[in-house]
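**Student:** Protein chains in written order, with my numbering: chain W, 4 to 362; chain B, 648 to 967; chain E, 12 to 663; chain G, 15 to 169. Beta carbons: idealized from backbone N, C-alpha and C, even for Gly. Only a predicted model underlies this, so the values are computations on that prediction, with no experimental measurement involved.
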Amino acid sequence: MSRIDVGYFPGCSGLGTSMEYERSTRAVCRELGIGLREIPDWNCCGSTPAHSTDSALSAALASRVFAQGEKAGIGDMITPCPSCLKNLRVALEHMEDPLFSARVDALTERPLQMRHSIRSVLQILIEDVGPERIKARVRRSLKGLKVVPYYGCLMTRPEKIMRFDDPENPVALDRLLEALGAEVLAFPLKTDCCGGSFAIPARKVTPRLAGRILDMAGEVGADAVVVACPLCQMNLDLRQGQIRAGGVDRVLPVPYFTQLAAYAFGLPEQEAAFKKLVQDIQPAFACMSRRAADIEAEERKTAAAEAEKARLAAERAAKAAEKAAEKAGAKDAAPDGAGKKSAAAKKPREKADADGGEA
Amino acid sequence: MSIQDELKSAIMAALPDLSCVIGWGPGPEPLRAAPLFIRGEADLEGFTAGFLSVNNPALYLPSLKGSKVGIVAKGCDARSVGQLVTETLIKREEVHVIGYPCGGVIDVDKVAAGLADACEPGEVGALREDGDDVVLDTPKGEVRLAKKDVTADKCGRCTFPNAENADVFVGIRRAPAAAEDTYADIAEFEARGTEELKAFWEKEMSRCIRCYACRNACPLCVCRDHCIAASREPHWVSQADDVPDKLFFQVIHAVHLSGRCTGCGECERACPLGIPVLKLKRALSRRVENLFGYKAGIGTETPPLLTFAIEESTIKERDW
Amino acid sequence: MRIGVFICHCGSNIAGTVDCAGVAQRAAAYPDVVYSTDIMYACAEPGQDAVIAAVKEHGLTGVVVASCTPRMHEPTFRKAVERAGINRYMFEMANIREHVSWIGKDVEANTNKAAELVRMAAAKLRLNRELKPKSFPVTKRVLVIGGGVAGIQAALDAADAGLEVVMVEKQPTIGGKMAKLDKTFPTVDCSSCILGPRMVDVAQHPNITLYAYSELEEVSGYVGNFDVKIRKKATYVNWDKCTGCGLCTEKCPSKKSYDRFNEGVGPTTAILIPFPQAIPKKASIERDYCRLFNQGKCGVCAKVCPTGAIDYAMQDEIVEVKVGGIVAATGYDLVDWTVYGEYGAGRYPDVVTSLQYERMLSASGPTGGHIKRPSDGKEPKDVVFIQCVASRDPSIGRPYCSGFCCMYTAKQAILTKDHIPDSQSYVFYMDIRSPGKGYDEFTRRVQEEYGARYVRGRVSMIYPKGGKLVVRGADTLMGGQVEVEADLVVLAVGGEAAAGSPALAEKLRISYDGYGFFMEGHPKLKPVETNTAGVFLAGACQGLKDIPSSVAQGSAAAAKAIGLLSRNMLDSDPQIAFVSVNRCVGCRKCIEVCPFKAIREIDMRGQPKAEVIETVCQGCGLCNATCPQGAIQLSHFTDNQILAEVEALCRF
Amino acid sequence: MSVLEGKELRIVGFLCNWCSYGGADTAGVGRFTQPTDLRIIRVPCSGRINPLFVMKALIGGADGVLVSGCHPRDCHYAEGNYYARRRLEVLKGLLPVLGINPSRFEYTWVSASEGQRWQHVVETFTARIHALGPAQAFAGTTGPANHNRADAMVS
């Protein structure tokens, strides 16, 4: 397996509220041959609250992150957090403007020398590793687990900044979860707002918006809502009490996709870190096991039925061929041709028998 | 059989269908071959094709339109033919191209430099090729010069040594001297800066004697008697012997050749004062090649300045 | 030459920042200027009279007027000098108002600049030549491209005026978009009832020749004498034999063809007559769906056809006609709205376009006039209309207002209530744009009498939930978010220039804008002319418009064509290219670049030479800039004239 | 003919009649103040502009040359500006080797309705030429000044 080496920016929530994301990301990347080189002495990406007060200041924070990368010779980096990603990308984009760049450089006193790129963990898994290689690494399939992928508002938007997947109907996470064996349900609220940004200015709004997502997930029959953003995760997982108070009674686990990947790769609990979730995921896994057994039984049944069908069809074909051969034989005495025909007609029958035997 | 002999038999084979075949024969001096118009076997005496075959025989084709003419062609001559055909200035079926692998041609000015004080090029008795060298008989004895030092500049960057569009090709195709024309000479020249270049042209053009040899040697200058340098309607340039007017003539020549010049270098070679007028044309050729990927005289696509694209992927207009 | 120079004050418009007398004084010293003066209003009657008097008094042979832009008064002064007895082209203007006095306040600089502009004009004038127009006969026949309501109107008006009309329609029937509509606003008239008779008139008019299921192949020639090639596409049915009985369409076994006329609301057969009132009422085979063409066996239609009209071997046919004028009336298409992810990008069957909804409303449509949800065939109760879908949206390159959606949405909301009395309509809108006779009243009625709820705001998302579609949007008047659970969502999709418009424009050699709409000659004063003489525009191909405007423009375009062809002879503009044959080397470069095919090669004593077709040349001068030896020159803008202007400005 | 010494430089504009000349008119009607250096030559179409006119002006002593036509697709003659775009873009490659600062020449597109854009173009281009300063003549002129020759041509 080819190795990928890339700079890694964990972001502040990785050290606190989304420790499980951080831990499982590192484990999954290790398993997929992605070498993570953490940016030495990194700092806040500038997302909160700098970006709402002074864009240059915010970009300066981002610029220092890139500068720290430069010190270690890192030009390309990834981050698990979409919010960090957005802010770092916006900073890069704005710094294309020489005037803005000059303002930032005056603050950092260290103009950037290299060309930088920053992507999300999800993006590198989909674009550089790919579903096929992920699927190949699965040791404990998620077969039977019904999930809805929830991307949140930032993963693909603003379109011009993120330049990743379809902005309204992204599918990257769907593909990844399918590769892990899960059943991905159609989920229309993939990119809806979880209410995260209202948590402080309009607290009542947050549980309502988060509740809507949980409600829809429950309605389509999901066992879990899979997320890629620390803030979304917190809102959906931590606030289920508030959400219930608002009238939406759905209890659903909200794991990170990296946690599920770690589980599917057969990694131990301390790396999947499911215990860090507020809503227990074990009932979902229990559901999954039951369903997987049912699915397998069903699959066996259909396979048998199909084999039977194929056998019958072959039989019919053979009979018809024999009849035709007899007719042909009666019409003109060309035993060679007729013989060939019936021999050809026999073949599928033999094959069908063999298949049937196996089943 | 030598290439020379093979060419001769190819010429003789084709001649019955042609009004003449243009090649090279003895010139005014041993180092300077002259165009040779072959109409019968007798004319073949003195025929030469090789290091001294400098002139571009395609020059004569437009004026011979209407009858089928053969030419012996170096790669660069064949490009001129190709361009003339593309522009429908001549008919392809009226030309019989006899190609041969060209290994470069002489630059007599370089020979003069190599001879230094030995003699004038005109006094050289004969030239003999000897491996990588040429040996010259001079009144002061033999002078040996490295062939590459007396070969024309254009041959050093030649990407088209074989007449690929030839009707008959004699000999084995040669590898080009360069994989592509990098226009390094133009980049270097341009790097001298506008001020220095302005002074450069002022000096060079003050030497120009307005003889129009550059124009007359150009196979693609098909206006001939109707050149706007000499007309009153329209009256683009005055006849005054001053730098701006003479320079403007060079600009006319270059602009008229943009997207058409095949870089045969005859303009510069013909200049009796050695003014490097090819530079202007090459600057435009580089631009045309960069913008439209077009190399004149190769292929049959419409010259880029006689057509357009609604979306130009390579042109980024200034956004005001 | 004896040049007279007149410096206009234009009241204080010029004189306010230009020393007009000073300019006149300087101009007096220019070569060939024999008379120079300043004048209060050159364009007014006394001004023109003064110019004429001066011409006579001083024996002037050329006149320079320095005043406003020549785009304004050049024709005025040309007529004036002609009245004075000088050829109208022995006149030049210097624009010292728009280009001098109005854009700078520095009197010294302005005066100097004005004097230089006069110098340029005089320098050019010295090289002007007398030019005279030529006249040529015209073909009294009009080509109408497109058989929608605009084209129908143009064709009928022209035919009634006695002109022969050739109509070309791309589809197998005329009628265009209007034929697909159920009703029209604001009268809620039955669309096919008012259009149908007009379609019949087209079919029956002795002066009209209709080529349906045909396209314009090629146009050459020029105003008064266009040569047109029309491609009659193979219908695989001999229309001379077809009686339109429809037996074939009943028996056709391929019943899953895309129904173009019904916007795909229901399937149809491979051989079909688009709709009962189709003109011509003839069957044609959609090759892509026909079993015979795709599976090699069938032939049912040929068997059942009572007249033996089916002809599977039919080939396209090219028809050539000569016409004097052309009316382009190619209409519009709906924008492909599936670019919008927020509306489901086409994933949800119960999100339909306004035109599909029209077909559902129509009693002759596939649902028999019953509104049914495409997903389950149920009757919807809550219907949401979303306006400005693909209109006024720069993000998808459609920043313009389509103009008719506000009105048809109101109409559809009314019809919804009529069809399903217990239904509730919701309309998300940006602004209600209802200028027009009875239009605003109409949009009020739908709200006040029919109870449609208008929500001012955009929809951010549509998603399915429990068999319904949740439409989430903003209510910018109430300042909040709204969610409506809808049974059916109708998108008021905006229009764009009909597919293939740019290609047609290239054939007609008319300009088109970045969206593919054809460019009118002048946005205010020449709304149906184009920059190519003899080609006129009608209907939505020039810009989106509703039915009455399309009809009005159809009549206007017809009037222009009638006016043009009412004359037996036409004059050509003499500001065109000419060739000095002795300088021409026959290199064909001018022929190659001419956008109008106005130059041809001729043989002159065995030599190829270029020749300008005077009636075709539009005077752009591209050939002039292309000809290396300057053998082809544009009259009135010759190399020497422009060089004279350049040299008048040069310092060295 | 002299410009206002020390105040103005000599800028020659070639404008197509239908779009850019109209745009300059629109700027005038809108009273959009502009520097006074520019002198406009009206031609029917940018396709009429032989690149040699530009060279004639530059060698003849213009400090700057500005060409403006209809936006692509909007050409009154359908295609003229497409040809102009190619020819003028190619021409830019000749100026530096001739010893002429390529910034002295520019081409752009301005429609008849874009008065403000025209103002912006004129302001920007004039400022650019002023930053470059006056062009120097190619030394070696012995004959009379050009316009005198122009006079001589006619007589």
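When you compare the CB of residue 183 of chain G with every CB in chain B, is at least one pair closer than 8 angstroms?
**Tutor:** The displayed coordinates of chain G run from 15 to 169. Any statement about residue 183 of chain G would go beyond what the structure contains.
**Student:** Taking the C-alpha atoms as reference points, what is the distance between residue 215 of chain W and residue 158 of chain E?
**Tutor:** Near 51 angstroms, if we compare the C-alpha coordinates of residue 158 of chain E and residue 215 of chain W.
**Student:** For residue 164 of chain W, which residues from the same chain have a beta carbon less than 7 angstroms from its beta carbon, with the 5 sequence-adjacent residues on both sides left out?
**Tutor:** Only 89, 92, 93 and 96 meet the Cβ criterion.
**Student:** Excluding five sequence neighbours on each side, which residues of the same chain lie with their C-beta closer than 6 angstroms to the C-beta of residue 175 of chain E?
**Tutor:** If we look at residue 175 of chain E and ignore the five residues flanking it on each side, its Cβ neighbours are 152 and 218.
**Student:** From what residue to what residue does the alpha helix (DSSP H) around residue 673 of chain B run?
**Tutor:** Segment 667-676 is the beta strand (DSSP E) holding residue 673 of chain B; no alpha helix (DSSP H) there.
**Student:** Mind checking residue 827 of chain B: buried by the 16 CB within 10 Å criterion, or exposed?
**Tutor:** Exposed is the call here.
**Student:** Spell out whether any CB of chain B is found under 8 angstroms from the CB atom of residue 93 of chain G.
**Tutor:** Interface residue, yes.
**Student:** Express the C-alpha separation of residue 181 of chain E and residue 358 of chain E in angstroms, rounding to a whole number.
**Tutor:** Using only the alpha carbons, I get a separation of about 30 angstroms.
**Student:** Which residues in chain E sit within 8 angstroms of residue 104 of chain G, going by Cβ to Cβ distance?
**Tutor:** Under the 8 angstroms cutoff, chain E gives no residues; its nearest Cβ is about 13 angstroms from residue 104 of chain G.
**Student:** Whole angstroms are fine: how far does the CA of residue 130 of chain G sit from the CA of residue 428 of chain E?
**Tutor:** Each residue's Cα considered, the two are about 49 angstroms apart.
**Student:** Using a Cβ-Cβ cut-off of 8 angstroms (strictly less than) and excluding sequence neighbours within five positions of residue 12 of chain E, which residues of its own chain qualify?
**Tutor:** Answer for residue 12 of chain E: 43, 72, 73, 136 and 137, listed in chain order.
**Student:** According to DSSP, is residue 208 of chain E part of a helix, a strand, or is it coil?
**Tutor:** Three-state DSSP puts residue 208 of chain E in a helix.
**Student:** Closer than 7 angstroms by C-beta to residue 67 of chain G: which residues in its own chain qualify, once you throw out the five before and the five after it? Chain order, please.
**Tutor:** Excluding sequence neighbours, residue 67 of chain G sits near 28.
**Student:** Check the Cβ of residue 140 of chain E against every Cβ in chain B and list those closer than 9 angstroms, keeping chain order.
**Tutor:** Correct list: empty, because the minimum Cβ distance to chain B is about 11 angstroms.
**Student:** Evaluate residue 957 of chain B with the Cβ neighbour count: other Cβ atoms within 10 Å of its Cβ, from every protein chain shown; 16 or more gives buried, anything less gives exposed.
**Tutor:** The residue is exposed, with fewer than 16 neighbouring Cβ atoms inside 10 Å.
**Student:** Suppose contacts are defined by Cβ-Cβ distances below 8 angstroms. Is residue 106 of chain E in contact with residue 141 of chain E by that definition?
**Tutor:** The answer is no: Cβ separation not under 8 angstroms.
**Student:** Sorted by chain position, which residues of the same chain lie with C-beta nearer than 6 angstroms to residue 234 of chain W's C-beta, five sequence neighbours on each side aside?
**Tutor:** The answer, listed in chain order, is 199.
**Student:** Check the Cβ of residue 890 of chain B against every Cβ in chain G and list those closer than 8 angstroms, keeping chain order.
**Tutor:** Result: 152, 153, 154 and 155.
**Student:** Please state whether DSSP places residue 118 of chain G in a helix, a strand or coil.
**Tutor:** DSSP places residue 118 of chain G in helix when its eight states are reduced to three.
**Student:** Nearest to residue 754 of chain B by CA position, among B:963, B:739 and B:762, is which residue?
**Tutor:** Cα-wise, what sits closest to residue 754 of chain B is B:762.
**Student:** Provide the residue span of the beta strand (DSSP E) that contains residue 106 of chain E, from first to last.
**Tutor:** From DSSP, the beta strand (DSSP E) with residue 106 of chain E extends over 102-106.
**Student:** By DSSP's criteria, residue 227 of chain W is part of a beta bridge. Which residues make up the other side?
**Tutor:** The partner list for residue 227 of chain W (beta bridge, DSSP) reads W:150.
**Student:** Give a yes or no on whether the minimum CB-CB distance between residue 7 of chain E and chain G is below 8 angstroms.
**Tutor:** Limits of chain E in this structure are 12 at one end and 663 at the other, which puts residue 7 of chain E out of reach.
**Student:** Just to make sure I have the definition right: I need the residues of chain E whose C-beta is within less than 8 angstroms of the C-beta of residue 47 of chain G. Which are they?
**Tutor:** Residues of chain E passing the Cβ test: 114, 115 and 116.
**Student:** As an exercise, report each continuous alpha helix (DSSP H) stretch of at least 4 residues that is fully enclosed by the segment 33-78 of chain E, in chain order.
**Tutor:** 56-69, all fully within the segment 33-78 of chain E.
**Student:** Is the CB-CB distance between residue 545 of chain E and residue 564 of chain E below 8 angstroms?
**Tutor:** Against a cut-off of 8 angstroms, the Cβ pair of residue 564 of chain E and residue 545 of chain E comes out as no contact.
**Student:** What residues of chain B sit near residue 596 of chain E, judged by a beta carbon separation below 7 angstroms?
**Tutor:** Going along chain B in sequence order, the residues near residue 596 of chain E (Cβ under 7 angstroms) are 869, 870 and 873.
**Student:** Pick helix, strand or coil for residue 278 of chain E, following the three-state DSSP scheme.
**Tutor:** Looking at residue 278 of chain E - three-state DSSP - the assignment turns out to be strand.
**Student:** Identify every run of the beta strand (DSSP E) within the segment 699-756 of chain B, keeping only runs that are complete inside it and at least 3 residues long; order them along the chain.
**Tutor:** Complete beta strand (DSSP E) runs here, min 3: 716-720 and 742-746.
**Student:** What runs of the beta strand (DSSP E), each 3 residues or longer, lie entirely inside the segment 171-216 of chain E?
**Tutor:** Complete beta strand (DSSP E) runs here, min 3: 175-179.
**Student:** In the DSSP assignment, what residue or residues form a beta bridge with residue 295 of chain E?
**Tutor:** Residue 295 of chain E pairs with E:283.
**Student:** Using a Cβ-Cβ cut-off of 7 angstroms (strictly less than) and excluding sequence neighbours within five positions of residue 756 of chain B, which residues of its own chain qualify?
**Tutor:** Closer than 7 angstroms at the Cβ level, and outside the excluded window around residue 756 of chain B, lie 921.
**Student:** Listed in chain order, which residues of the segment 108-142 of chain G have Cβ atoms closer than 9 angstroms to some Cβ of chain B?
**Tutor:** Hits within the stretch, in order: 108, 109, 110, 111, 112, 113, 114, 115, 116, 120, 121, 122, 123, 124, 131, 134, 135, 138 and 139.
**Student:** Which residues in the same chain have their Cβ closer than 8 angstroms to the Cβ of residue 340 of chain W, if we skip the five residues on either side of it in sequence?
**Tutor:** Its pLDDT being 45, under 50, residue 340 of chain W is placed unreliably by the model, and nothing is read from it.
**Student:** So, with DSSP's three-state summary, where would you put residue 611 of chain E?
**Tutor:** Residue state, collapsed to three classes: strand.
**Student:** Flag residue 760 of chain B as yes when its Cβ comes closer than 7 angstroms to any non-hydrogen atom of the ligand COA, and as no otherwise.
**Tutor:** Absence of the ligand COA from the depicted structure is noted, as is the absence of any ligand whatsoever, leaving it without description.
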